[in-house]
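Peer 1:
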Amino acid sequence: MVEITSSHEEDSLHGESLPPPPDMNEDNDVIEEHVGGIGGECEDIQLTGCGASACCDPRKGVYRFSALFFMCLGFGSYFCYDTPGSLQDQIKDDMGVNTVGFASLYSLYSWPNVVLCFIGGFLIDRVFGIRWGTIIFSTLVTVGQFIYATGAVTNQFWLMQTGRFVFGVGGESLAVAQNTYTVSWFKGKELNTVFGLQLSMARVGSTVNFLSMGPIYAWVDTFADGYKTLGISLLIAGATCIFSLICAVILGLLDKRRSKVLGIAESGEKVQLRDILTFPLSFWLLCVICVSYYVAIFPFIGLAKVFFMRKFDFDEASANGVSSIVYVISAFASPILGYIVDRLGRNILWVFIAVLVSFAPLPSHGAMSVLGLAYSLLASALWPMVSLIIPEHQLGSAYGMMQSIQNLGLALISMLAGLIVDLKGYLVLEMFYMIWLCVALISTVVMWLTDSASRGVLNLTVAERRNRESDRERLLSS
Amino acid sequence: MSRDRDEQRRLWMRTSGAFKCIPEARAPWCYYGVSPPAINSGCTSCSEPWVVHIKADGKNDTIHHIWGMHAAPSFLFATTDLSSELKINWKKLQAGEEKSIQFDSPPNYIFGFTIPNLILFNDLNDTGKLDGIPAKDRQVVSMSEFEWEVQETFNDSTREAAVIFKTSKFRGELLPNDTHINIQMAAYGVDGRSTVLPHLIRTPESAQFDMKPDYYPMSGFAKPRWALDVILFSAEIADEKKMQISKQKSLDDENTPGVFHLDEITTPLTESGGQGGYLQWRPVSYLTSDRDINFSTFPNINESFPFLKNITLAKSSLAYALLGEDLLTRVTATTTVAFGQPKDNFYTGSNYTTWTVAMGQGSPPIETFSTMVIIVISLGVGIPVLMFLIGGIVIASRRCRQSSDQLLLN
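Quick mapping for you: the protein sequence lines, in order, are chains Z and F. Its first residue numbered 1, the first sequence is counted upward by one per residue in full-length UniProt numbering. Its first residue numbered 1, the second sequence is counted upward by one per residue in full-length UniProt numbering.
So, in structure tokens, the structure goes:
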């Protein structure tokens, strides 16, 4: 659950703690206008029979909430994303690969997404449309997972790597599609709640994976042997992708009916490449904090299981349990902490506290719990800051850029982390992560100082920001 | 400056009594000058490396590293006075008589180990351990059935000397080129660390044993593993005290990635703070020649360490040639080391295993953090504190300035 978590996380946070990107707003505004324009006609559509009942009427909340279930279409990709992490030892033993080879299963997910973050939304918007886009990306995720599993069944590691690459091509864009659906269906209604729920879903997906794959492998091991055990276990995990694909198809049908009845056009994200050149220094500092903090956390979680087994003599189940603490905690804490940061403001202070407590030298369970809270706090406080420093019409590009840098960092650092473990051991790996945390900390302080010097809004309370805004408006009007 | 240092050195030598390279008080000038290996010196009819002798001269004693590959491979060191020379009665040695190897004056200390048998076993339960394996699933091969040759010798000035031994024949038949057991022994004269994984620590009074069975045929068993019969011996007079094993765990795996444990066997004399003997190793056996931790297994040592009771087991070793029947009255230990852990695909999965052990005199060397690790930890603690202070001071001073500006405005 390394890179995808972060990137999915980031996607989810768009809506969880922030207003959605401006492009999306603009689109939706346009859509709303269109709806308004033809709305009268729509309102006049008379539904009859079953179609008129609350659960089949897109104008009713029940219809919307029934679709919410199918919007968990990301579950398959969240679940399967972390199958290498939860079966790390088995993959290394059964396939005979070293840590570098193993870590490539994660970096092969990240690499395509260094670029796809820019173009995923574009493809959905302009080429496929939201419905087909979702189905196509969901299919790619499913096909990728089955190629990956087939690689294990046939003892071909290159095929597993290919599968992860295909899985990655679909995975991140599927998250964009999921966000687009969410914005399209819930904007102006329960958008933040739904994004919060989806963030928790990502965590639940990976946690369930961490807790279940060990026992599934052990069960398959009773009737199969070696790499075949691994392959069959991964095929079973692939069932979640089929579930997601079915969700995508049903959601497509529900959305088609909704669009037909309400007369809604499709929405989506746009990325404007040229805008990134005009971003201020504090945005780039945010990128540095984001990448340096995330590379200190997620590659570690990917390698944590074997680390806990070797260093603390944990058995496999306990090691998996400890590794998943970060996700379990963030599943519960992210929405709560996001809500708190939204209410209190002072984002830099929260980021500073989050980075600082990540240094805490605690025993395994304590360290992972603190890391879970710190990560949730950082994610909740960091991503919203982009909307405070970047003009609304550039927000999409800003988030795309930040996510790409993060994916680039995660891809490189995951490989490097594998190399360090093999050549210099886990202690040096910890030192390496500590250096990244130091970079995050220094960047946070520099941002704090520059913001404070330029009388910026990043570390103000919500009330102060509101006052500043109203002062500005007063000045402008006078 | 250097004169001061020499003076200090002389003073230290005068005040320290017996000049010993004690790890806790090790000084930079504490070293032993290691001689090139002398193979079968004085023997006219030795086809195998019966006795390899390396002298390591210290300030006031000499460590004789003596290794022999005929019959039971034996590896030992004996500490003598500086003037004492090794004397081998080749006729008696080849006839298997006791005390065929002597010194001019009796040695102050002897410590070493010998491997009388190789044990092949069928590990049906995939535990990696020899315990509970029935006799029908064990095949004991006497090491005297192998013939050995010297493959290579190394001599790095006076700091290090090494010999690589390789099996050439088994039961009189030539072994195929890719099937052999390989043992590399090295004697060291200075502090340092082995350049080969698991990067064990060297001391000026230590040697290193590194064994690699490569493509050793393991026919007959479905789930084959191998083990060694090992006899540890010393010159210490036996009372109730036995050799002790200690298994330490550290935070540091910088030198041996992925291995946090360090195992040691010490003699009663070392335990009581004296200059006894020790064996020290990282509990890891690599399964590939590039020594990748991802392809490794575990050396499982039997820790009961009973004294040697039957001299027959040791008769074909250099321990008997040196100490004879006296071995039964000295501190000894018999044990087995089996190589394997569950799910490592057994020996045939890789057809390669390593076992690396450091052997030396005095207290086993202590693992410490490297300078790089200490610097990074210091930075890791220092930078957050520094950032906290700088941030606090800058913001506080800015607020003070703002409030004083406000006052002035008012």
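Heads up, the beta-carbon is just placed ideally off N, CA and C, and yes, glycines get one too.
Does the beta carbon of Z/Asn209 come closer than 9 Å to any beta carbon on chain F?
Peer 2: Against the first sequence, residue 209 of chain Z aligns to sequence position 209. Output row for Z/Asn209: interface = no.
Peer 1: Reducing DSSP to helix, strand and coil, say where F/Ile293 ends up.
Peer 2: For the purposes of this step, residue 293 of chain F is taken as residue 293 along the second sequence, with counting starting at 1. It is coil, neither helix nor strand.
Peer 1: With burial defined as no fewer than 16 other Cβ atoms inside 10 Å of the residue's Cβ, what is the status of F/Thr312: buried or exposed?
Peer 2: By 1-based counting over the second sequence, the position of residue 312 of chain F is 312. When all chains shown are included, F/Thr312 counts as exposed.
Peer 1: Is F/Asp326 helix, strand or coil when you go by DSSP?
Peer 2: Here residue 326 of chain F refers to the residue found at position 326 when the second sequence is read from its first residue. Helix at F/Asp326.
Peer 1: Would you kindly report the start and end of the unbroken alpha helix (DSSP H) that includes Z/Ala317?
Peer 2: For this step, residue 317 of chain Z is matched to residue 317 along the first sequence. Its alpha helix (DSSP H) spans residues 316 to 323.
Peer 1: Does the stretch 403 to 420 of chain Z come into contact with the stretch 314 to 331 of chain Z, if we say contact requires no fewer than three beta-carbon pairs (one atom in each stretch) closer than 8 Å?
Peer 2: no
Peer 1: Quick check: Z/Ser292 and Z/Val62, are their CB atoms within less than 9 Å of each other?
Peer 2: Counting from one through the first sequence, the residue named residue 292 of chain Z turns up at place 292. Counting from one through the first sequence, the residue named residue 62 of chain Z turns up at place 62. Contact: no.
Peer 1: Thinking just about the alpha-carbon of each residue, which of Z/Ser380, Z/Ser318, Z/Leu458 is nearest to the one in residue 504 of chain Z?
Peer 2: Nothing about residue 504 of chain Z can be read from this structure; chain Z reaches only from 1 to 478.
Peer 1: With a floor of 3 residues, list each beta strand (DSSP E) that falls wholly inside the stretch 345 to 395 of chain F, ordered by position along the chain.
Peer 2: Counting whole runs of 3 or more residues, the stretch 345 to 395 of chain F contains the beta strand (DSSP E) stretches 355 to 361.
Peer 1: Any idea if Z/Lys305 is buried or exposed, counting beta-carbon neighbours within 10 angstroms, 16 or more meaning buried?
Peer 2: Along the first sequence, one-based indexing puts residue 305 of chain Z at 305. Classification for Z/Lys305: buried.
Peer 1: What is the DSSP secondary structure of F/Pro107, reduced to helix, strand or coil?
Peer 2: Reading the second sequence from its first residue, position 107 is the one you call residue 107 of chain F. Of the three classes helix, strand and coil, the one that applies to F/Pro107 here is coil, per DSSP.
Peer 1: Just the chain Z side, please: which residues come within less than 7 Å of F/Val394 by C-beta, in chain order?
Peer 2: Residue numbering aside, residue 394 of chain F sits at position 394 when the second sequence is read from its first letter. Under a criterion of Cβ atoms nearer than 7 Å, the residues of chain Z adjacent to F/Val394 are, in order, Leu449.
Peer 1: Grouping DSSP H, G and I as helix and E and B as strand, with all else coil, what is F/Leu197?
Peer 2: Looking up residue 197 of chain F in the second sequence gives position 197. For F/Leu197, the three-state secondary structure derived from DSSP is coil.
Peer 1: State the Cα-Cα distance for the pair Z/Phe157 and Z/Met95, rounded to the nearest angstrom.
Peer 2: Reading the first sequence from its first residue, position 157 is the one you call residue 157 of chain Z. Reading the first sequence from its first residue, position 95 is the one you call residue 95 of chain Z. One C-alpha to the other measures close to 7 Å.
Peer 1: State the DSSP-derived secondary structure class of F/Tyr32, mapped to helix, strand or coil.
Peer 2: For the purposes of this step, residue 32 of chain F is taken as the residue at position 32 of the second sequence. Here F/Tyr32 sits in coil by DSSP.
Peer 1: Which residues in chain F have a C-beta closer than 7 Å to the C-beta of Z/Cys438? List them in chain order.
Peer 2: The residue given as residue 438 of chain Z occupies position 438 in the first sequence. Under the 7 Å cutoff, chain F gives Leu379, Gly380, Ile383.
Peer 1: So Z/Tyr339 contacts chain F; which residues on that side make the cut at Cβ distance below 9 Å?
Peer 2: Working through the first sequence from its first residue, we reach residue 339 of chain Z at position 339. Simply none; closest approach about 27 Å.
Peer 1: Applying the criterion that 16 or more other CB atoms from any shown protein chain within 10 Å of the CB defines a buried residue, is Z/Glu172 buried or exposed?
Peer 2: By 1-based counting over the first sequence, the position of residue 172 of chain Z is 172. Buried, since its Cβ has 16 or more Cβ neighbours within 10 Å.
Peer 1: Suppose the cutoff is 7 Å on Cβ atoms and the five residues either side in sequence are ignored; what does the same chain contact list for F/Val376 look like?
Peer 2: Stepping through the second sequence from its first residue, residue 376 of chain F is reached at position 376. Closer than 7 Å at Cβ, skipping near neighbours: no residue.
Peer 1: If you run the structure through DSSP and keep just helix, strand and coil, what is Z/His365?
Peer 2: Counting from 1 along the first sequence, the entry for residue 365 of chain Z is found at position 365. If DSSP states are grouped into helix, strand and coil, Z/His365 belongs with the helices.
Peer 1: Would you kindly report the start and end of the unbroken alpha helix (DSSP H) that includes Z/Arg257?
Peer 2: For the purposes of this step, residue 257 of chain Z is taken as the residue at position 257 of the first sequence. Z/Arg257 -> alpha helix (DSSP H) spans 226 to 262.
Peer 1: Looking at the unbroken alpha helix (DSSP H) that takes in F/Leu287, where does it start and where does it end?
Peer 2: Taking the first residue of the second sequence as position 1, residue 287 of chain F is located at position 287. Premise fails: F/Leu287 is in no alpha helix (DSSP H) and is neither H nor E.
Peer 1: Roughly how many angstroms separate the alpha carbons of Z/Gly170 and Z/Phe137, rounded to a whole number?
Peer 2: Counting from one through the first sequence, the residue named residue 170 of chain Z turns up at place 170. Counting from one through the first sequence, the residue named residue 137 of chain Z turns up at place 137. In a straight line, the C-alpha of Z/Gly170 is about 4 Å away from that of Z/Phe137.
Peer 1: Check whether the Cβ atoms of residue 506 of chain Z and F/Gly392 sit closer than 9 Å, and answer yes or no.
Peer 2: Residue coverage of chain Z in this structure runs from 1 to 478, which leaves residue 506 of chain Z outside it and unanswerable.
Peer 1: Under a Cβ-count criterion, where at least 16 other Cβ atoms within 10 Å of its own Cβ denotes burial, should Z/Cys247 be classed as buried or exposed?
Peer 2: Counting from 1 along the first sequence, the entry for residue 247 of chain Z is found at position 247. So Z/Cys247 counts as buried.
Peer 1: Report the rounded CA-to-CA distance for Z/Tyr181 versus Z/Phe75, giving the unit in angstroms.
Peer 2: Your numbering for residue 181 of chain Z matches position 181 in the first sequence. Your numbering for residue 75 of chain Z matches position 75 in the first sequence. Approximately 15 Å, taken between the alpha carbons.
Peer 1: If you reduce the DSSP assignment to three classes, tell me which class F/Thr127 lands in.
Peer 2: The residue given as residue 127 of chain F occupies position 127 in the second sequence. F/Thr127: coil per DSSP, three-state reduction.
Peer 1: So which residues of chain Z does F/Asp252 contact, with C-beta pairs closer than 7 Å?
Peer 2: Here residue 252 of chain F is taken as the residue at index 252 of the second sequence, counted from 1. Under the 7 Å cutoff, chain Z gives Leu427.
Peer 1: On the DSSP letters alone, give me the boundaries of the beta strand (DSSP E) that F/Ser206 sits inside.
Peer 2: Translated into the one-based positions of the second sequence, residue 206 of chain F becomes position 206. Looking at the DSSP string, the run of the beta strand (DSSP E) that includes F/Ser206 is 206 to 214.
Peer 1: List, in order along the chain, the chain Z residues whose C-beta lies closer than 7 Å to that of F/Val376?
Peer 2: Taking the second sequence and counting its residues from 1, the one referred to as residue 376 of chain F is at position 376. Result: Met431, Met434, Ile435.
Peer 1: How about Z/Arg346: is its C-beta nearer than 9 Å to some C-beta of chain F?
Peer 2: Numbered from 1 along the first sequence, position 346 holds the residue referred to as residue 346 of chain Z. No, Z/Arg346 lies away from the interface with chain F (no Cβ there is under 9 Å from its Cβ).
Peer 1: In angstroms with no decimal places, state the Cα-to-Cα distance between F/Leu232 and F/Ser350.
Peer 2: Residue numbering aside, residue 232 of chain F sits at position 232 when the second sequence is read from its first letter. Residue numbering aside, residue 350 of chain F sits at position 350 when the second sequence is read from its first letter. Cα to Cα, the separation comes out at about 29 Å.
Peer 1: Using only CA atoms, which one of F/Tyr286, F/Phe388, F/Glu367, F/Pro257 lies nearest to Z/Val446?
Peer 2: The count along the first sequence starts at 1 and reaches residue 446 of chain Z at position 446. Among F/Tyr286, F/Phe388, F/Glu367, F/Pro257, the Cα nearest to that of Z/Val446 is on F/Phe388.
Peer 1: Between which two residues does the beta strand (DSSP E) harbouring F/Lys249 extend?
Peer 2: Position 249 of the second sequence, counting from 1, holds the residue named residue 249 of chain F. Its beta strand (DSSP E) spans residues 244 to 249.
Peer 1: On a CA-only basis, which of Z/Val386, Z/Leu476, Z/Ala379 is nearest Z/Leu281? Give me that one, please.
Peer 2: The residue given as residue 281 of chain Z occupies position 281 in the first sequence. Comparing alpha-carbon positions, the option among Z/Val386, Z/Leu476, Z/Ala379 lying closest to Z/Leu281 turns out to be Z/Val386.
Peer 1: Using DSSP with H/G/I as helix, E/B as strand and the rest coil, what is Z/Asp471?
Peer 2: Translated into the one-based positions of the first sequence, residue 471 of chain Z becomes position 471. DSSP places Z/Asp471 in helix when its eight states are reduced to three.
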